[in-house]
Amino acid sequence: MTGLRNWFEGRSLRERRLLLVMAALAVLTLLWALIIRPVGDGLSSARERHANAVTRLGETRAQVATLRDIQRNRATPLTGTLADAVRAEADQAGFALATLDQDGADRVRIGIQSARPGALVAWLARLERLGILVDSVAMTDKGDKTVGVALTLKARAA
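The sequence shown runs 14 to 171 under my numbering.
Okay, here's the thing in structure tokens:
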């Protein structure tokens, strides 16, 4: 250590100042490279992971809320046969069924001679809320702003 001190004191005042500035800059560079930069990177990474976790939590909570709504609004099981339920709903909506054929225990085929498209779609949406699903539909334009409809409906699986 004395040799280094003697070497340092053997330098001119200007060289000593430059060596002190160089040493201070080296210490600052090492502090930055070994402490400040890794800590900053770690904090940045932690913030990013936290933001992703908050996003995932929000999405998961939204999905859970959606599932709870679905469970709360689950259609009640049909009372009676599917054909009776469809006939009752068609009468309530004002549709005259031309045909109603049972096609198995959980499926019916119906025909409607004339229906307004808007009212028909609203009725189909009501049926789906009740647990009766549209399996197939064929509509033909009657030319008087009404359609003829052939539907296959099925009961939603429990």
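Glycine included, C-beta positions come from ideal geometry on N, C-alpha and C. Note that the structure is a prediction, hence the values are computed from the model and not measured.
Rounded to the nearest angstrom, what separates Thr112 and Arg142 at their Cα positions?
Answer to the nearest angstrom: the Cα atoms are 23 Å apart.
Give me the Cα-Cα distance between Val150 and Asn86, rounded to the nearest whole angstrom.
Spanning the two alpha carbons is a distance of roughly 25 Å.
Can you tell me which of the three DSSP states Leu146 falls into?
Residue state, collapsed to three classes: strand.
Thinking just about the alpha-carbon of each residue, which of Ala75, Thr79, Ala118 is nearest to the one in Ala96?
Nearest C-alpha to Ala96: Ala118.
Of all the options Ala98, Pro130, Arg129, which has the alpha carbon lying nearest to the alpha carbon of Gln115?
Closest by alpha carbon: Ala98.
Going by beta carbon distance, what residues of the same chain come within less than 8 Å of Leu26, once the five residues before and after it are set aside?
Around Leu26: no qualifying Cβ.
Rounded to the nearest angstrom, what separates Arg24 and Arg30 at their Cα positions?
Going by the C-alpha atoms only, they are around 10 Å apart.
Rounding to the nearest angstrom, what Cα-Cα distance links Asp154 and Leu137 in this structure?
For Asp154 and Leu137, the distance between alpha carbons rounds to 18 Å.
So Arg122 packs on Thr165, CB below 8 Å; how close in whole Å?
Right, the Cβ-Cβ distance comes to about 5 Å (below 8 Å), so this counts as a contact.
Taking just the CA atoms, how far does Glu72 sit from Thr79?
Going from the Cα of Thr79 to the Cα of Glu72 covers about 11 Å.
Where DSSP assigns a beta bridge to Ala163, which residues make up the other side?
Looking at the DSSP assignment, Ala163 forms a beta bridge with Gly124, Ala151.
Just to confirm, is the Cβ distance from Ala109 to Ile145 under 8 Å?
Not a contact, by the Cβ cut-off of 8 Å.
Can you check whether the CB of Val160 is closer than 8 Å to the CB of Ala128?
Yes, the pair counts as a contact, with Cβ atoms nearer than the cut-off.
Note the first and the last residue of the continuous alpha helix (DSSP H) segment covering Ala36.
Here the alpha helix (DSSP H) through Ala36 covers 26-44.
Can you tell me where the beta strand (DSSP E) with Thr112 in it begins and where it stops?
Counting along the chain, the beta strand (DSSP E) containing Thr112 begins and ends at 110-115.
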